[in-house]
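This report concerns only the one structure given below.
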């Protein structure tokens, strides 16, 4: 046998003891000095019809424990699996819990070490189904799953037949049978609903034409960091550096208290960003004003039904006047006026949105708060917001974009 040709005396002492333990079905020697017995061990031949009787040394499991996936040989799955298609499906407490987890993740990776994270996705694969091009969502998703110990599988429209030559129902059953979770960036919201309906694993909406939950989570997180920096300072003062300890420390902290009563003014058309803001911010105690040009100001009935169900109509203002929306605003938000697939509408949209560009003079003349802040989900065009605001001290756009990673990690958890 091959092992008989090895000069065992050259092996490190620990490796030598483990090799002999496997061979003799006994625990490795605890002697401190190297062994001088180099007689050839007798290894049983492999027989697939009989179970192995070789036991691993107990010290191996103590030093290098197997993760849960390897111990059990399978991953338990909830039935039916939980999905995240819009933040309207989550309670304010659930949203707060996601924010706390994202804050802890950011603190551990930024100020302690990524090694302090609980790698809850070890042995798991997240399939990323993207029908649209993406920068922030793709990078955030892939880095998030990697930090949690999992593997991200990017599947673009040119990689698989999602809805082409095969139904969405069939595709998601196949993908869900091999992967452990799905991030879906699709065109029609009905597509992500179909994926969730038939998927055997959790589905997260990474963007649809109706909602964008992971983006709004990042928006809320950057506002929390801006208006309640003492929470991050509290974490910095903690001697604990374990994820569970820090979460316990935040257990009784009202993470959204600092946001209650704040007014967000969104200037742009009623797209997926505006919809997600509508179904989320008022339930967190925030006021929301949306200013859109005529013809681009329609709110879908299915979206508004969430507002009426939550009885938050009094926290919402819908107007065609940017000045009215911006009055008394703490936060100013906008989005692209011409989304992917709307290129043929560019000329008409640019004409309709004249007077809606965010500038310091427009915001100031409208009577916004003196310390107002600016957010944008990106990518940005200059006709939406000028350079003075976008690159100025009021802008939170780049911390906002970074927070996509931390909030996506929280969603995976």
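In my numbering, the protein residues as written are 919 to 1331.
Don't be surprised by glycine CBs; every beta carbon is placed ideally from N, CA and C.
All values derive from a computational prediction rather than experimental measurement.
Proximity of residue i and residue j at Cβ, strictly below 7 angstroms
{"i": "residue 1191", "j": "residue 1002", "result": "no"}
{"i": "residue 1176", "j": "residue 1146", "result": "yes"}
{"i": "residue 1070", "j": "residue 1063", "result": "yes"}
{"i": "residue 1024", "j": "residue 1173", "result": "no"}
{"i": "residue 1033", "j": "residue 1067", "result": "no"}
{"i": "residue 1061", "j": "residue 1103", "result": "no"}
{"i": "residue 1131", "j": "residue 1005", "result": "yes"}
{"i": "residue 1113", "j": "residue 1090", "result": "yes"}
{"i": "residue 1046", "j": "residue 1101", "result": "yes"}
Spatial neighbours of residue i in its chain, beta-carbon cut-off 8 angstroms, leaving aside the 5 residues before and after
{"i": "residue 1276", "result": "1185, 1250, 1252, 1292, 1302, 1303, 1304, 1307"}
{"i": "residue 1211", "result": "1187, 1238, 1270, 1271, 1274"}
{"i": "residue 1165", "result": "1018, 1019, 1022"}
Residue i versus residue j: straight-line alpha-carbon distance, rounded
{"i": "residue 1180", "j": "residue 1238", "result": "21 angstroms"}
{"i": "residue 1127", "j": "residue 1105", "result": "6 angstroms"}
{"i": "residue 1322", "j": "residue 1272", "result": "30 angstroms"}
{"i": "residue 1133", "j": "residue 1013", "result": "13 angstroms"}
{"i": "residue 962", "j": "residue 1331", "result": "With a pLDDT of 42 at residue 962, under the threshold of 50, the predicted position of this residue should be treated as unreliable, though the coordinate-derived value follows. Cα to Cα, residue 962 sits roughly 44 angstroms from residue 1331."}
{"i": "residue 1120", "j": "residue 1281", "result": "42 angstroms"}
{"i": "residue 1264", "j": "residue 1215", "result": "17 angstroms"}
{"i": "residue 1030", "j": "residue 1099", "result": "28 angstroms"}
{"i": "residue 1199", "j": "residue 1206", "result": "7 angstroms"}
{"i": "residue 1208", "j": "residue 1233", "result": "11 angstroms"}
{"i": "residue 1283", "j": "residue 1183", "result": "14 angstroms"}
{"i": "residue 1072", "j": "residue 1048", "result": "8 angstroms"}
{"i": "residue 1088", "j": "residue 1042", "result": "22 angstroms"}
{"i": "residue 1315", "j": "residue 1254", "result": "13 angstroms"}
Reduced DSSP secondary structure (H/G/I, E/B, other) of residue i
{"i": "residue 1199", "result": "helix"}
{"i": "residue 1271", "result": "coil"}
{"i": "residue 1236", "result": "strand"}
{"i": "residue 1043", "result": "strand"}
{"i": "residue 1260", "result": "coil"}
{"i": "residue 1293", "result": "strand"}
{"i": "residue 1119", "result": "coil"}
{"i": "residue 1021", "result": "helix"}
{"i": "residue 1104", "result": "coil"}
{"i": "residue 1145", "result": "helix"}
{"i": "residue 1204", "result": "coil"}
Cβ neighbours of residue i in the same chain (closer than 6 angstroms, five flanking residues each side left out)
{"i": "residue 1286", "result": "1244, 1247"}
{"i": "residue 1320", "result": "none"}
{"i": "residue 1326", "result": "1058, 1059, 1062, 1132"}
Own chain, CB closer than 7 angstroms to residue i, minus 5 neighbours either side, in chain order
{"i": "residue 1201", "result": "1010, 1228, 1230"}
{"i": "residue 1057", "result": "none"}
{"i": "residue 1129", "result": "1003, 1004, 1107, 1123, 1190, 1193, 1194"}
Nearest neighbour of residue i, chosen from the options [CA to CA]
{"i": "residue 1139", "options": "1318, 1330, 1329, 1331", "result": "1318"}
{"i": "residue 1053", "options": "1124, 1077, 1045, 999", "result": "1124"}
{"i": "residue 1118", "options": "1295, 1111, 997, 1288", "result": "997"}
{"i": "residue 1225", "options": "1169, 1203, 1209, 1149", "result": "1203"}
{"i": "residue 1044", "options": "1095, 1195, 1115, 1268", "result": "1095"}
{"i": "residue 1297", "options": "1290, 1256, 1266, 1288", "result": "1256"}
Cβ-heavy atom distance, residue i to the ligand NAD, below 6 angstroms
{"i": "residue 1051", "result": "In terms of ligand content, the structure shown is empty, and the ligand NAD therefore cannot be addressed."}
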